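Peer 1:
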Amino acid sequence: MANSMMDEGALEPRVTRFSSLEIYTIEQALREVWARLNSDPAWLAKATTVFVEDDFSQAIVQKINQLIGDVALWNGCPILHLLSETVDPFPSYNTKNTSHQKIQHGQSAFDTIPDFFFRRRTEPGRSPMSDGFFIEAKVIDPGKTMANYCGKGLKRYVDGLYAWDMSQAMMLGYVRKTTQTLPTALKNHLSGNGKKEEYQLQSGPTKTDLSQMEIWMHDTVHGRPNPHPETGAANCAITVFHLWLRTPC
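Here is the structure:
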């Protein structure tokens, strides 16, 4: 992992990197938790009808907490063991209230945070606000299309509202009752008139290395036109991983 602190006087931003294996373990952990949630008929009934983004995200975090808190369940989930070797397996969640207040009052958006994030274990030289893997989640269904997924999710990474100090992040799609598929729906939207420029698209969507499931995770790379808020220097590009989790009905 690249050093998370800048040398004194340096103009280059921190660019926390997660390895392909770490990205893979995060993907697999989310898929494992999603499968466990879908096995509960009561949960699934709500997920396919009334759940909004926060309901899905909260359920994921609560399930991870349950797995961590029960030794037998923990031992039955080896992917979390692997994740915990370098990353805190319990994601930070429900941090948006502070971010919304800052934006509404026109204050600096340095610490705006998406739905939840996995972070490195806190130690000197690592910032809990910067050394992490941010995840913004959106429902994808007949009423929530790529215009919402990209315009109110992906665009926030491009504009530097989220993950301004990081070079990697994730868009998580909660997919239900729709024919929209990855990567086709995303590719079609980003190839629309003016979209490549709007989203500063440099490449993708491309199948992510190591992703092996039927609905592969894909990634896109985007330039960021706004300067780094700490240094004023040009910001680095950001790789956004797109993981879509679909309900079975």
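In short: position in the sequence shown from 1, add 8, done, that's this note's numbering.
Positions of the beta carbon are idealized from the N, C-alpha and C atoms, including for glycine.
This structure is a prediction, so every number in the text was calculated from the model and none was measured.
Quickly, what does DSSP pair L251 with across the bridge? List them, please.
Peer 2: L180
Peer 1: Apart from the five residues on each side of it in sequence, which residues of its chain come closer than 7 angstroms, Cβ to Cβ, to Q74?
Peer 2: L81
Peer 1: Since R39 is in the alpha helix (DSSP H), which residue starts that stretch and which ends it?
Peer 2: First-last of the alpha helix (DSSP H) with R39: S28 to N46.
Peer 1: Could you work out which residue in N83, P191, T33 and A50 is closest to D96 when comparing CA atoms only?
Peer 2: T33
Peer 1: Under 8 angstroms, with one C-beta from each stretch per pair, do the stretch 185-200 and the stretch 209-225 reach the 3-pair mark?
Peer 2: yes
Peer 1: Can you tell me whether S116 is buried or exposed, with buried defined as 16 or more other CB within 10 angstroms of its CB?
Peer 2: At S116, the pLDDT of 46 sits below 50, so the modelled position is not reliable; the number obtained from the coordinates is stated separately. Label assigned to S116: exposed.
Peer 1: Can you list, in chain order, the residues of its chain whose CB lies under 8 angstroms from that of G140, leaving out five sequence neighbours each side?
Peer 2: T24, S100, F125, F126, R127, R128 and M174
Peer 1: What do you get for K185, buried or exposed, if any count of 16 or more other CB atoms within 10 angstroms of its CB means buried?
Peer 2: exposed
Peer 1: Compute the Euclidean distance between the alpha carbons of T94 and T187, then round it to the nearest angstrom.
Peer 2: 37 angstroms
Peer 1: Since I148 and P122 should fall inside the 8 angstroms C-beta cutoff, what is the C-beta to C-beta distance between them, to a whole number of angstroms?
Peer 2: With 8 angstroms as the limit, I148 and P122 do not qualify as a contact, their Cβ atoms being about 16 angstroms apart.
Peer 1: Taking its Cβ as the centre, do 16 or more other Cβ atoms sit within 10 Å of L257, making it buried, or is it exposed?
Peer 2: Here residue 257 is Cys; the residue named in the question, Leu, does not match the sequence. Exposed, by the Cβ-count rule.
Peer 1: Considering only residues of the same chain and omitting the five flanking positions on each side of I31, which have a CB-CB separation below 6 angstroms?
Peer 2: none
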